[in-house]
Amino acid sequence: MALKNIESVPGGPGEPGSGLIQLITADGVRVAEPAYDALVADIDGAALQGLYEDMVVVRRIDSEATALQRQGELALWPPLLGQEAAQIGSGRALRSDDFVFSSYRENAVAYCRGVDLTDILRVWRGNASSGWDPYAINMATPQVIIGAQTLHATGYAMGILNDGDDAVAVSYFGDGATSQGDVNEAMVFAASFQAPVIFFCQNNHWAISEPVGLQAHVPIANRAPGFGIPSVRVDGNDVLACLAVTRQALARARSGGGPTFIEAVTYRMGPHTTADDPTRYRDANELEDWAAKDPLKRLEAHLDSQGLFDEAFTATVKAKADAVAAELRAGCLGMSEPAPSDVFKHVYSTPNSWLDRQQDHYERYLSSFADSASSDGNS
Numbered sequence: 001m002a003l004k005n006i007e008s009v010p011g012g013p014g015e016p017g018s019g020l021i022q023l024i025t026a027d028g029v030r031v032a033e034p035a036y037d038a039l040v041a042d043i044d045g046a047a048l049q050g051l052y053e054d055m056v057v058v059r060r061i062d063s064e065a066t067a068l069q070r071q072g073e074l075a076l077w078p079p080l081l082g083q084e085a086a087q088i089g090s091g092r093a094l095r096s097d098d099f100v101f102s103s104y105r106e107n108a109v110a111y112c113r114g115v116d117l118t119d120i121l122r123v124w125r126g127n128a129s130s131g132w133d134p135y136a137i138n139m140a141t142p143q144v145i146i147g148a149q150t151l152h153a154t155g156y157a158m159g160i161l162n163d164g165d166d167a168v169a170v171s172y173f174g175d176g177a178t179s180q181g182d183v184n185e186a187m188v189f190a191a192s193f194q195a196p197v198i199f200f201c202q203n204n205h206w207a208i209s210e211p212v213g214l215q216a217h218v219p220i221a222n223r224a225p226g227f228g229i230p231s232v233r234v235d236g237n238d239v240l241a242c243l244a245v246t247r248q249a250l251a252r253a254r255s256g257g258g259p260t261f262i263e264a265v266t267y268r269m270g271p272h273t274t275a276d277d278p279t280r281y282r283d284a285n286e287l288e289d290w291a292a293k294d295p296l297k298r299l300e301a302h303l304d305s306q307g308l309f310d311e312a313f314t315a316t317v318k319a320k321a322d323a324v325a326a327e328l329r330a331g332c333l334g335m336s337e338p339a340p341s342d343v344f345k346h347v348y349s350t351p352n353s354w355l356d357r358q359q360d361h362y363e364r365y366l367s368s369f370a371d372s373a374s375s376d377g378n379s
C-alpha cells in the first residue's frame, strides 16, 4: 500500500486545521496573512536578526552535541536539525511564568528558557537522572515516555485555573505521539475543563522509522476539533509564522478561551537519535526536497533582501555560536563523575526508610571490594 504524504492532503492556505499558515516563504519572501500579521507587527529587522541568531546558535548546539556523542563523550543525542524555527518561534513567544512540558528533542526551547548549557547534556552523558531544576526555568525535564508530557501539561494548566492565574502550560510532542492514548486523554481533560494549555505538535514526518502518512490520512490538526479544541496548521520552518500562531494561542488561553492545538509542519533532517540510521528507511530525494525549505536559509534570504545580512552581522552571529559551542563542550568534558550512591538521590521528596536500607546495603556491597583489595595486598 502506498503511504500518503500528509502534504498532499488538500486545504486552502490560512484555513485553520488544514491549510498552512505562512508569513515567510521558502524563498524568503514576506507574504501577507491578515489574520496573523498584527500578531507580529512588533517584530522589526532587529528582532528578526535575533531570531536568526537563536536558530544558528541552537543548530550549533545540536551539531556540537552530535560530535560529542560520536566522540564517545555522550551516550546518545536526539538531534533537532530542521526543527529550529518551530521551537525558537514558539519558545520566544512564551512568558517567563508559562510552564513548558517537552519531549527529549526540544533543546531549542530549553535554550529559550535559559537553561544552563551543561545541564542540557547531563542526562545524555549519564551524569544525572535529570538535567535541571524545572522551577528555575519553568520547564520540566525532558520526557522520554512518548506523549506522557501532554497529561502533565494539562494537569498543570488545571492547577493554573484553580490558582486564578493567567499563565499557560505548553506541551511539545511529535507526530508519532498523537497515536498514544495519553495525548488523546489529555485533550479530553483540557477541553472539558477549558484548561489554559497549548498542544504543540511538531510534525517532522517521521515517528522513528514510520512515515506520518501511515497514521495520519488527514492533517493531524484536524483531530483536535473533535475534542472541542480549536487548531491551526502552521509552516513549521517559518519562524515568524510559528511565533504568530503561538502568540494567538497564548492570548486565547490567558483570556479564558481554553486550549489550542498547533501542528507545526516541519521535517527532521537528521536521525531520530544518534543510534538511528535514517538512510535505511528514508528516500534521499525527500531529504533534498526539505533541505530546500531549510528554516535558517529562508530567514537568511529574507534578511538579505532587507539589507540586514551583512558581514558584520554574520560575524557577530558566528562568534556567538562559536562561544556557545565552546562552553557546551567544556561543560560536558568538565562534569564531575557522580558517586555510585548518587543513584538513590531525588527518588523520593522525603526520607524513606526502605530506600535508606537499600542504599546502606549497596554501599556495604561496594565497600567489600575495597576490603578484598586491601586483604589481597597484605597477603
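With our numbering applied, the sequence shown covers 1 to 379.
Cβ atoms here follow ideal geometry from the backbone N, Cα and C, with glycine treated the same way.
The structure displayed is predicted, hence computed values, not measured ones.
Within-8 Å CB hit, residue i to chain C
i, result
"Trp-77", "Structure shown: chain C not included; a single protein chain is present."
Residue burial classification, residue i (beta-carbon count within 10 angstroms, cutoff 16)
i, result
"Pro-34", "exposed"
"Ala-330", "exposed"
"Glu-64", "buried"
"Tyr-135", "exposed"
"Gly-174", "buried"
"Ala-75", "exposed"
"Trp-354", "exposed"
"Gly-17", "Legend: pLDDT at Gly-17 = 39, less than 50; position of this residue unreliable, value from coordinates given subsequently. It is buried - the Cβ of Gly-17 has at least 16 other Cβ atoms within 10 Å."
"His-380", "Limits of the chain in this structure are 1 at one end and 379 at the other, which puts residue 380 out of reach."
"Asp-62", "buried"
"Gly-91", "buried"
"His-272", "buried"
"Phe-369", "exposed"
"Leu-328", "buried"
"Arg-247", "buried"
"Leu-20", "buried"
"Pro-351", "exposed"
"Asn-162", "exposed"
"Asp-340", "Residue 340 is actually Pro in this sequence, not Asp. Classification of Pro-340: exposed, given that the 10 Å Cβ count is below 16."
"Val-109", "buried"
"Asp-342", "exposed"
"Asp-304", "exposed"
"Tyr-36", "buried"
"Val-57", "buried"
"Val-40", "buried"
"Gln-71", "exposed"
"Gln-22", "buried"
Proximity of residue i and residue j at Cβ, strictly below 8 Å
i, j, result
"Phe-200", "Ser-179", "no"
"Gln-202", "Gly-236", "yes"
"Ile-24", "Asp-54", "no"
"Cys-332", "Ala-86", "no"
"Pro-148", "Ala-190", "One detail in the question is off: residue 148 reads as Ala in this sequence, not Pro. No."
"Trp-77", "Trp-124", "yes"
"Thr-266", "Asn-204", "yes"
"Asn-138", "Asp-166", "no"
"Ser-103", "Gln-69", "no"
"Phe-99", "Ala-177", "no"
"Gly-232", "Val-245", "According to the sequence provided, residue 232 is Val. The question's Gly does not apply to it. Their beta carbons are under 8 Å apart, which means Val-232 touches Val-245 by this criterion."
"Ile-146", "Pro-196", "no"
"Asp-277", "Ile-208", "no"
"Met-335", "Thr-66", "no"
DSSP bridge partner residues for residue i (one or two, in chain order)
i, result
"Met-139", "Val-100"
"Ile-120", "In DSSP, Ile-120 forms no bridge with anything."
"Pro-211", "Trp-206"
"Gly-174", "Gln-202"
"Leu-161", "Bridge partners of Leu-161: none, in fact."
"Arg-233", "Leu-20 and Glu-263"
"Val-197", "Ala-169"
"Arg-247", "According to DSSP, Arg-247 bridges with nothing at all."
"Arg-298", "Answer by DSSP bridge pairing: none, since Arg-298 is not bridged."
Cβ shell of residue i (< 7 Å), same chain only, five flanking positions each side left out
i, result
"Ala-249", "Ile-198, Thr-260 and Ile-262"
"Arg-60", "Ala-321, Val-324 and Ala-325"
"Val-239", "Leu-51, Met-55, Ala-85, Ile-88, Gly-89, Pro-295 and Leu-299"
"Ala-26", "Ala-292, Lys-293 and Arg-298"
"His-346", "Ser-129"
"Ile-220", "Asp-175, Thr-178, Cys-201, Asn-203 and Glu-263"
Cut-off 6 Å between Cβ atoms - residues of its own chain near residue i, not counting five sequence neighbours on either side
i, result
"Ala-128", "Arg-122"
"Phe-101", "Ala-140, Gln-149, His-152, Ala-153 and Ser-171"
"Ala-269", "One point to set straight first is that residue 269 is Met, not Ala, in the sequence displayed. So the list reads Leu-81 and Gly-82, once near-sequence residues are dropped."
"Gly-114", "Ile-137"
"Glu-73", "Cys-332"
"Trp-206", "Arg-268"
Residue i Cβ short of 7 Å to the ligand GTP heavy atom set
i, result
"Asp-166", "The model depicted lacks the ligand GTP and carries no ligand whatsoever."
Residues near residue i in its chain [Cβ-Cβ closer than 8 Å; skip 5 each side]
i, result
"Leu-308", "Gly-45, Leu-48 and Gln-49"
"His-361", "none"
"Tyr-348", "Leu-355"
"Arg-252", "Pro-230, Gly-258 and Thr-260"
"Cys-112", "Asp-54, Gln-87, Ile-88, Gly-91, Arg-92 and Leu-94"
"Thr-279", "none"
With a threshold of 8 Å, are at least 3 pairs of Cβ atoms found where one atom belongs to the segment 223-233 and the other to the segment 277-284?
no
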